[in-house]
Structure formats: structure tokens, C-alpha cells
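Taken in order, the sequence shown gives residues -18 to -1, 1 to 162; the numbers are from mature numbering (1 follows the signal peptide of the UniProt record, and there is no 0). Glycine included, every Cβ here is placed at the ideal spot set by N, Cα and C. Keep in mind that this is a model prediction, so the values were computed, not measured. A quick write-up on the structure given underneath.
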Amino acid sequence: MKRMWLMVVMVCGLSACIAPPLGLERNEFTIQSVKKIEPSDYECQCKEVRLGGKVLSAIALKDQIKIEVLSLPVRGLSAKPSIDGTVEGRFVAYLPGFIDPEYLKDQFITVAGKLIKQEKGKIDQADYWYPVVDVTHYKRWKLVQEYYYEPDDWDKWGYGRFGWSSRFWRQEPRLRYYLY
């Protein structure tokens, strides 16, 4: 009986680790990539989208914030942008309320809302048509760097050829990035 309760607690605890933020659940959206947007999707202004990426610029407008986002693939279960994913394009999102633009610049974000129109803009000298999202939910992700050792690096720690080991022969720690 104790084992069964332990299994139930473990399953519930582990499933909470991968749940997406409220409003960003996967099943609610018809479009989850900038590449999959068709010209006909703009006609009804009713298509629900979930997009994510890195915020390139943010401008404070009256009662809303306009952000330009470099689109990255969004992971299915966690709704986090994939840091090492291939760039899919760019989009513009309008967030309700006021947020300091400096708080959003160079941050990773996932947005959910309605695809409403296209907006003409420029990327350097080139003209670009941005898909525009009217945001209802969003999540700003924190980028964290972590140093780690490969598991094999610790196998013979403290034991060298003659019963001792030097730290000079050990590998340097590696660096990885992740979002939370």
C-alpha cells in the first residue's frame, strides 16, 4: 500500500514539472509556428496562435506594448522557446497594459493570442511583412547558464596511476544554457 501511494505522489510530482504556464497549453491553438501561417489565416482574425522566441525590440504605446520577436520553435509540453532551434522568421505582438520596454528586450518569451493582421516593417534595408498577434497570455522566460562536468569526468577522481590524482589533468567544466 505504501508503494502505491509513493508511486501516485511521484507521478503527480513529476507531471507538475513539465506543465506549461496557464493559458499556454498546447491543445488550444491552431497555429504554433510562424512558418505555418497562410495568407487566408488573416481573413477571419479568429485563429488562435502560440508563438515564441527572443524579443528584439519593445516600444511602449498607449495602454499596450509592441514587441518584435525573432521566432523560434516552441516546445510542445513546456511551451518554452527552443534556444538551439532554427529561426522561423519574425512576428509582432501587442501586449496589454504597461511593461517597461527594457524589461523585455533580449529576453525569451512565449505568447498566446489571436492572429489579427500583417504589418509592414523593415529589417535593415529590406521590407518585411510581420504577422501580428493580439496577445491574451504570455510568459517571459529567464535564461540561466550552468556549469557542469560530464559524468565520466568523476569516474577516477582521487585515484591516479600511483594512488593519487592531480587536478591539472581534469577537464574543464562545460557550459549549458536553459530557460525556466
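Open item on the list: Per the DSSP calculation, D116 is bridged to which residue(s)?
Closed with: In the sequence shown, counting from the first residue as 1, residue 116 sits at position 134. Under DSSP, D116 forms a beta bridge with Y76, K96.
TODO: Work out the CA separation of T68 and A75 for me, nearest whole Å.
DONE: Position 93 of the sequence shown holds residue 75. Position 86 of the sequence shown holds residue 68. Rounded to whole angstroms, A75 to T68 spans 20 angstroms at the Cα level.
- [ ] Can you grab the Cα-Cα spacing for the pair A1 / T92, in whole Å?
- [x] The residue given as residue 1 occupies position 19 in the sequence shown. The residue given as residue 92 occupies position 110 in the sequence shown. Across the structure, A1 and T92 are spaced so that their CA atoms are roughly 14 angstroms apart.
Open item on the list: Assuming contact is defined by CB atoms lying nearer than 9 angstroms, are I65 and L54 in contact in what I supplied?
Closed with: As a first step, residue 65 is located in the sequence shown; it is residue number 83 there, counting from the start. As a first step, residue 54 is located in the sequence shown; it is residue number 72 there, counting from the start. Between I65 and L54, the C-beta spacing is below 9 angstroms.
Task: Coarse secondary structure for D109, derived from DSSP in three states - done: Counting from 1 along the sequence shown, the entry for residue 109 is found at position 127. Strand at D109.
TODO: Using only alpha-carbon positions, find the residue among I47, Q89, L6, L52 that is nearest to E30.
DONE: Here the question's residue 30 lines up with position 48 in the sequence shown. The shortest C-alpha separation from E30 is found at L6.
TODO: Using beta-carbon positions only, say whether K44 and Q89 come within less than 9 angstroms of one another.
DONE: As a first step, residue 44 must be located in the sequence shown, where it is residue number 62. As a first step, residue 89 must be located in the sequence shown, where it is residue number 107. The beta carbons of K44 and Q89 sit no closer together than 9 angstroms.
Task: Member of E20, Y85, E132, E10 whose CA lies at the smallest distance from the CA of S39 - done: Position 57 of the sequence shown, counting from 1, holds the residue named residue 39. In terms of Cα proximity to S39, the closest of E20, Y85, E132, E10 is Y85.
TODO: Have a look at the DSSP bridge pairing and note the partners of Q46.
DONE: Along the sequence shown, read from residue 1 onward, the residue named residue 46 stands at position 64. Q46 pairs with L43, P78.
Task: Nonlocal neighbours in the same chain, by C-beta distance under 8 angstroms from Q127, ignoring five residues either side - done: Within the sequence shown, residue 127 is the residue found at index 145, counting from 1. Cβ neighbours of Q127 beyond the five flanking positions: L157, R158, Y159.
Open item on the list: What does DSSP give as the partner residue(s) for Q127 in the beta ladder?
Closed with: As a working note, residue 127 is residue 145 in the sequence shown. As DSSP reads the structure, Q127 sits in a beta bridge with Y159.
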